[in-house]
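**Student:** Sharing a structure with you now.
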Amino acid sequence: MAKPSILLVDDEHDFLELMATRIKSWGYGAITASNGKDALGIMQTKKPDIVILDYMMPEMDGIKTLKEIRKISASIPVVMMTAYPDERSIKGAEQLGVSTYIPKMSMYSDMQSVLKSTLHMIEEKLSSGKR
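Note that our numbering numbers the sequence shown so that position 129 is 182, with each residue one more than the last.
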C-alpha cells in the first residue's frame, strides 16, 4: 500500500506547516490548503486518503467546505478540528459524517492516534470491498 496522503486545511499558516511537518515525520504524505476553496481543488486532483479540516476559516468555513467535500466523496474520512469547540459546531459536523472531532489544543497529542485508527478503518473497508 502506498503512503497514505493527508489533506490539511487551515487558514493559520504556521499551524498548517507545523502539522504537515509532524504528519510527514509519522510516515504519511501531507498536502496543505489554506482555505476551503483550495481544499476542494486538491480533492479533485490529488485524491487524499483523509482530510483534516479546520472548523473556523474566513470566507468558506469548515462546515461549508465539508458539505462540498461530501459532494466529491461521501466516504472520505474527515477529522474536524477547532480552537473553540461547542456543541452546535460538533453537532453540525457530525451530521455530515465527520470521523472525529478534535480541539486544536489537543491536536499535537491526539492526532497520531486519530490518523492510525482512521487508516485502520479505511483498510478494513478495503479488505471487505466497501470503498
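We put the CB at the ideal spot given by N, CA and C, even for glycine.
This structure is a prediction, so every number in the text was calculated from the model and none was measured.
Whose CA, out of L69, G89 and I84, lies closest to the CA of P57?
**Tutor:** Position 4 of the sequence shown, counting from 1, holds the residue named residue 57. Minimum Cα distance to P57 is reached at I84.
**Student:** Does DSSP put D91 in a helix, a strand or coil?
**Tutor:** If you number the sequence shown from 1, residue 91 lands on position 38. Helix, per DSSP.
**Student:** Counting C-beta neighbours from all protein chains within 10 Å, is the total for I122 16 or more, i.e. buried, or is it exposed?
**Tutor:** As a position in the sequence shown, residue 122 is number 69, starting the count at 1. Result: buried.
**Student:** Taking 8 Å as the threshold (C-beta atoms), are M113 and K90 in contact?
**Tutor:** By one-based count along the sequence shown, residue 90 stands at place 37. By one-based count along the sequence shown, residue 113 stands at place 60. Yes, the pair counts as a contact, with Cβ atoms nearer than the cut-off.
**Student:** So what does DSSP say about G82, is it helix, strand or coil?
**Tutor:** Walking along the sequence shown from the start, residue 82 turns up at place 29. Strand, per DSSP.
**Student:** Can you give me the C-alpha to C-alpha distance between H66 and S181, rounded to a whole angstrom?
**Tutor:** The residue given as residue 66 occupies position 13 in the sequence shown. The residue given as residue 181 occupies position 128 in the sequence shown. Each residue's Cα considered, the two are about 38 Å apart.
**Student:** At what residues does the alpha helix (DSSP H) containing I59 begin and finish?
**Tutor:** As a first step, residue 59 must be located in the sequence shown, where it is residue number 6. Not the alpha helix (DSSP H): I59 falls in the beta strand (DSSP E), residues S58 to V62.
**Student:** Can you tell me where the alpha helix (DSSP H) with I125 in it begins and where it stops?
**Tutor:** Sequence index remark: in the sequence shown, residue 125 carries index 72 (1-based). From DSSP, the alpha helix (DSSP H) with I125 extends over G115 to I125.
**Student:** Can you tell which of P101, M109 and H173 has its C-alpha closest to the C-alpha of I155?
**Tutor:** Locating residue 155 in the sequence shown gives position 102, counting from the first residue. Checking every option, the nearest Cα to that of I155 belongs to M109.
**Student:** Just how far apart, CA to CA, sit I76 and M134?
**Tutor:** The count along the sequence shown starts at 1 and reaches residue 76 at position 23. The count along the sequence shown starts at 1 and reaches residue 134 at position 81. One C-alpha to the other measures close to 15 Å.
**Student:** If we call anything under 8 Å between Cβ atoms a contact, is I116 one with L60?
**Tutor:** Numbered from 1 along the sequence shown, position 63 holds the residue referred to as residue 116. Numbered from 1 along the sequence shown, position 7 holds the residue referred to as residue 60. For I116 and L60, no; Cβs fall outside 8 Å.
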